[in-house]
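For the sequence shown, our numbering begins at 1087 and goes up steadily by one.
For glycine and all other residues, C-beta sits at the position ideal for the given N, C-alpha and C.
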Amino acid sequence: MAERGENIPDSTAEAVGKVGEALEYVERARGHLYSFHQLIGHADLLLGEAVDALREDGHSEMADALATEMVGRNVINGRWTFQVVEEFDSTYWQPLREHADRARAELTDGIAHLHEARMKEDRRTHGHPDHTKEPEGRGPGSGGHPL
């Protein structure tokens, strides 16, 4: 019996792998966007605390300027960071995920990381205990990778 994905050309597996790799980079960028969101949010809270401290020390003019100009300020025209994240998610991240899922479903029999699985099979030392195909007790048909 042929293994799942066996008839998929290496070039197709590699191309779909590149789509997946692109998504991985976008996932990392999205993580940085969340870091940006959290860092700016924390900075805004710190500015609020600074405003309170400046007022308590009698520096009302400076406190008022910071409160009016900076606390709660949009980071991009009309947007706080949560809106930037939401717009990125709906405009770029989610559509790319859908395309990556579709490419995998239509071109690699739904097999995730097919190119990498083939690379592992080519590079591992067969018979070596630290180069097994699957975790101990797992294999084809037991929830392991189809290769």
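| Asked | Found |
| --- | --- |
| Burial state of Arg1190, where buried means 16 or more other Cβ atoms lie within 10 Å | buried |
| Rounded Cβ spacing between Glu1105 and His1185 (contact assumed at less than 8 Å) | Residue 1105 is actually Val in this sequence, not Glu. Rounded, the Cβ-Cβ distance is 7 Å, consistent with contact. |
| Complete runs of the alpha helix (DSSP H) confined to the stretch 1153 to 1218 [at least 4 residues] | 1167 to 1174, 1180 to 1193 and 1200 to 1209 |
| Spatial distance of Ser1228 from Arg1090 (CA atoms) | Note that Ser1228 scores 49 on pLDDT, short of 50, meaning its location in the model is unreliable and no value can be drawn from it. |
| Range covered by the alpha helix (DSSP H) that runs through Ile1094 | Looking at the DSSP string, Ile1094 is not in any alpha helix (DSSP H), and its letter there is neither H nor E. |
| C-alpha distance - His1199 paired with Glu1172, whole-angstrom precision | 28 Å |
| Exposure of Ala1099, with buried meaning 16 or more beta-carbon neighbours within 10 Å | buried |
| Expected contact under 8 Å - CB spacing of Asp1130 and Val1102 to nearest Å | Going by Cβ atoms, the distance from Asp1130 to Val1102 rounds to 42 Å, so no, they are not a contact pair. |
| Distance, Gln1124 Cα to Ala1136 Cα | 18 Å |
| Gly1196 to Arg1159 span [Cα, whole Å] | 45 Å |
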